[in-house]
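Scroll down for the structure; my scribbles are underneath it.
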Amino acid sequence: MPWLRRMRPAYPRPGRDGYRRWIPSRRQLLGAFLICTGLLTAGITVAYWRTEIPEDPNSFATQQDNVYFWADGSEMATTGWVSRQEMPLERVPEHVRWAVLAAENAGFYSDPGISPSGILRALSRMVGGGDTQGGSTITQQYVKNVYLTQDQTFSRKVSEMLLAIKMDNTFSKDEILEGYLNTSWFGRGTYGIQRASQAYYGKEVTQLNPSEAAFMASLLKGAGLYDPTLGPRNRERAVERWRWTLDRMVAIGKLSPAERARYTTFPEPTQTTSGRTDLNGQQGYLVELAKSYVMRTEKVGEKDFDLGGYQIHTTFDRKRTDALDKAVREARRRLDPEKRKADTFVRTGAATVAPDGRILAVHGGPGFVKQGFNEANAVTVPAGSAFAPFVYAAALSDGVVRERDAPRRTVTPATTYNGQNNASVMTPEGPYWDRNGKVVKGENDGGKDWGTSITLRDAMIHSVNSTVLQLGMDTGLDRVRTYARRAGLLPSSLGEQVPGFALGNSTPSAIRMATAYGTFAAKGTHTEPYSVVRVTRNGSEIDLPDPETGRAFSAEVAGQVTDALTGAMEEGTGRAARVPGVRAAGKTGTTTDNTAAWFVGYTSKEATAVVLYRMDLRKLELLPLDGVAGGSGETGETGESGETGETGEAGESGEAGETPGSALPATIWRDYTKTVAARP
Numbered sequence: 001m002p003w004l005r006r007m008r009p010a011y012p013r014p015g016r017d018g019y020r021r022w023i024p025s026r027r028q029l030l031g032a033f034l035i036c037t038g039l040l041t042a043g044i045t046v047a048y049w050r051t052e053i054p055e056d057p058n059s060f061a062t063q064q065d066n067v068y069f070w071a072d073g074s075e076m077a078t079t080g081w082v083s084r085q086e087m088p089l090e091r092v093p094e095h096v097r098w099a100v101l102a103a104e105n106a107g108f109y110s111d112p113g114i115s116p117s118g119i120l121r122a123l124s125r126m127v128g129g130g131d132t133q134g135g136s137t138i139t140q141q142y143v144k145n146v147y148l149t150q151d152q153t154f155s156r157k158v159s160e161m162l163l164a165i166k167m168d169n170t171f172s173k174d175e176i177l178e179g180y181l182n183t184s185w186f187g188r189g190t191y192g193i194q195r196a197s198q199a200y201y202g203k204e205v206t207q208l209n210p211s212e213a214a215f216m217a218s219l220l221k222g223a224g225l226y227d228p229t230l231g232p233r234n235r236e237r238a239v240e241r242w243r244w245t246l247d248r249m250v251a252i253g254k255l256s257p258a259e260r261a262r263y264t265t266f267p268e269p270t271q272t273t274s275g276r277t278d279l280n281g282q283q284g285y286l287v288e289l290a291k292s293y294v295m296r297t298e299k300v301g302e303k304d305f306d307l308g309g310y311q312i313h314t315t316f317d318r319k320r321t322d323a324l325d326k327a328v329r330e331a332r333r334r335l336d337p338e339k340r341k342a343d344t345f346v347r348t349g350a351a352t353v354a355p356d357g358r359i360l361a362v363h364g365g366p367g368f369v370k371q372g373f374n375e376a377n378a379v380t381v382p383a384g385s386a387f388a389p390f391v392y393a394a395a396l397s398d399g400v401v402r403e404r405d406a407p408r409r410t411v412t413p414a415t416t417y418n419g420q421n422n423a424s425v426m427t428p429e430g431p432y433w434d435r436n437g438k439v440v441k442g443e444n445d446g447g448k449d450w451g452t453s454i455t456l457r458d459a460m461i462h463s464v465n466s467t468v469l470q471l472g473m474d475t476g477l478d479r480v481r482t483y484a485r486r487a488g489l490l491p492s493s494l495g496e497q498v499p500g501f502a503l504g505n506s507t508p509s510a511i512r513m514a515t516a517y518g519t520f521a522a523k524g525t526h527t528e529p530y531s532v533v534r535v536t537r538n539g540s541e542i543d544l545p546d547p548e549t550g551r552a553f554s555a556e557v558a559g560q561v562t563d564a565l566t567g568a569m570e571e572g573t574g575r576a577a578r579v580p581g582v583r584a585a586g587k588t589g590t591t592t593d594n595t596a597a598w599f600v601g602y603t604s605k606e607a608t609a610v611v612l613y614r615m616d617l618r619k620l621e622l623l624p625l626d627g628v629a630g631g632s633g634e635t636g637e638t639g640e641s642g643e644t645g646e647t648g649e650a651g652e653s654g655e656a657g658e659t660p661g662s663a664l665p666a667t668i669w670r671d672y673t674k675t676v677a678a679r680p
């Protein structure tokens, strides 16, 4: 067709000879340029409209760590695969933001999300055989951090630019800047300005001054090159970049010359090489307790918790935790597993709980990384005679029945009972027979006979087994169980209702024993133990339920128990744990088969339970304490906490004549309490 021939460019050019006929005219060059430009524009436009911002960013870009705090607000531990904590932009000081912008992208608030000059540099490097990095805006860097890989390829660069433009048209500049500050790599294992600030200066980003902010901005250029603690050449680069950033802040009007003149000394960061907190020692046990508590509240799902970003403020007292750990370690120096087989598998758990339910300190074992099993939370160790105060409290609360069809009668601390050694345990129907057809008898420590008329208070002070056994039967083991549960022991840990129930065949943890004794310190009011007072996620509060509270005993009964246990420490079985100047109530606890030793004591401020036992964790089998720490292991008692063995007798392992091994809990309690009492 004639019109098609007219539109076809005259090429090769007619009327020209030789090579000149192949040289395009100016009009042809202009036409080719316009066509290419149009095609390129159309291609970019189509690519832009087809570009979608991914719904799911890279996992490392959104995952954060969880931060745990001591009761005084100082940081205790961090957990998670990524060391990152989001910080809302409004909490990032203006001078910190502008230090970053001055160093990285001063025109951030006016650019379209990309830098044309940066694109040309990237293209020229690509054509010249170099890489494609350099000249990226903050928006582009954020896109790369959150949605793309770190590969330096042309296709990745094109995707980065298209996404940057799309993001700039979708989100506000402040939203982009906030995301960038929270996802950028700053070195020392940290992502985001908040964790980086803590890693380099040990402070919140809200506390950084302009000089420190200028150094932090330099790390975005490459933390491995600008961390001054990594070598003298790094320090030279860091100082030079720091000065340049401060000068840039002045140049763009974000720092006054007068303020710039104040910063002449380089703000040296700490020598710490990581922002992470070690979970070894006792901190790992504390973290697990706190996490478990948060999970039980059902306010945070485990999946969400693992994604991180939570700040968990605990009840744990750092100084008490250190003091308890030191007391345990000092006591365990008496053990020598290499020389004495009896010293193998010896385990020690301890816990301190305030009367209002706050768990203040825990000793869970030799260290969480070394042993994850928390000995303070073990529910495999019998309470032994440390259970007796709950029998006493139940009797004082509900009275006793001594004869068939007789009404319950009230008992007081002055009520007398039979304290004879080997006294048969009686029911209204007659002697109590065990499954082996033997009469159950109570054997006192060392076979001592306390006569036929000992007061209940004195029986508690001196831990007279025969009296406690009979008192439990007369009160009703079901009622003893009820009051033990009200005091704070878990129903699942309470033992079989046989006479030995009164002498501790139950297996509560040290945390629960401290909680239950703390109920006496709280004048009969029980509060469920808790380890977390506050949880936030990146500043937003998580509403936690209040700990459950309830009346376990009357204040009068609690006072009577406290009076008896105070007497036990002053003149009875707890004398070894006395601390001069500290008025405390407490009791030893040993089992009839000598597999566990306890000391549980309390003041008006706190209750502490210490348990020592032997167990091979591979078999979960309790072993006797005979010979531990070089003791003879002679307890002077037979039988076991529960139904009796061949002797038909039930009792407890020696309290007055304790072996060195069974004496360690009282020693730990004394040394710990002495340290705590000395604190201002």
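In full-length UniProt numbering, the protein residues as written are 1 to 680. Here a beta-carbon is modelled for each residue, glycine too, at the ideal position from N, C-alpha and C. Only a predicted model underlies this, so the values are computations on that prediction, with no experimental measurement involved.
Would you mind stating whether residue i and residue j have Cβ atoms separated by less than 9 Å?
i: Leu89; j: Glu175; result: yes
i: Met87; j: Val205; result: yes
i: Asn66; j: Ile461; result: no
i: Thr525; j: Ala552; result: yes
i: Arg409; j: Ala378; result: no
i: Asp563; j: Pro413; result: yes
i: Phe387; j: Gly504; result: yes
i: Lys587; j: Ala558; result: no
i: Asp398; j: Arg329; result: no
i: Ala331; j: Met216; result: no
i: Val628; j: Leu617; result: no
i: Asp383; j: Leu324; result: The question names Asp, yet the displayed sequence has Ala at residue 383. Cβ distance not < 9 Å, so Ala383 and Leu324 don't count as in contact.
i: Ala196; j: Thr245; result: no
i: Gly581; j: Arg486; result: no
i: Ala585; j: Ala568; result: yes
i: Ser466; j: Asn418; result: yes
i: Ala484; j: Ala423; result: no
i: Ala521; j: Thr427; result: no
i: Pro112; j: Asp72; result: no
i: Ser385; j: Val294; result: no
Rounded to the nearest angstrom, how far is the Cβ of residue i from that of residue j, given a contact under 8 Å?
i: Val391; j: Thr475; result: 7 Å
i: Leu208; j: Val96; result: 6 Å
i: Ala577; j: Gly601; result: 6 Å
i: Met76; j: Thr314; result: 7 Å
i: Pro228; j: Pro269; result: 7 Å
i: Gly192; j: Arg84; result: 5 Å
Taking all protein chains shown into account, do 16 or more other C-beta atoms lie within 10 angstroms of the C-beta of residue i, making it buried, or fewer, making it exposed?
i: Gln560; result: buried
i: Gln470; result: buried
i: Gln420; result: buried
i: Phe501; result: buried
i: Met615; result: buried
i: Thr252; result: Note that residue 252 corresponds to Ile in the displayed sequence, not to Thr. Flag for Ile252 reads exposed.
i: Thr673; result: buried
i: Arg296; result: exposed
i: Ser172; result: exposed
i: Gly107; result: exposed
i: Arg583; result: exposed
i: Gln140; result: buried
i: Pro407; result: exposed
i: Asn436; result: exposed
Who are the Cβ neighbours of residue i in its own chain at under 7 Å, not counting the five residues just before and after it?
i: Trp433; result: Val439
i: Ser218; result: Ala103, Tyr226, Ala238, Arg241, Trp242 and Thr245
i: Pro547; result: Gly357, Thr527, Glu528 and Tyr530
Once the 5 residues before and after residue i are set aside, which same chain residues still bring their CB inside 6 Å of it?
i: Glu646; result: The predicted model places Glu646 with a pLDDT of 32, which falls under 50 and marks its position as unreliable; any figure quoted below should be read in that light. No residues qualify anywhere along the chain.
i: Arg457; result: Pro413 and Ala564
i: Gly281; result: Gly367
i: Gly179; result: Tyr142
Within the same chain, show all residues whose beta-carbon is closer than 8 Å to that of residue i, passing over the 5 residues directly before and after it, in chain order.
i: Ser74; result: Arg318
Three or more C-beta pairs under 8 Å: does that hold for the region 588–596 against the region 481–492?
no
Given 8 Å, three or more beta-carbon pairs between the region 370–380 and the region 534–544
no
So, does the region 355–363 touch the region 434–445, judging by three or more C-beta pairs under 8 Å?
no
Assess contact between the region 233–250 and the region 287–302, defined as three or more Cβ pairs (one per stretch) separated by less than 8 Å. Is contact present?
no
Measuring CB atoms only, is the region 339–352 touching the region 599–614, in the sense that at least three cross pairs come out at less than 8 Å?
yes
If contact is defined by three or more beta carbon pairs under 8 Å, each pair taking one atom from either stretch, is the region 315–323 in contact with the region 393–404?
no
Sufficient close CB pairs (3 or more, under 8 Å) joining the region 176–192 to the region 214–225:
yes
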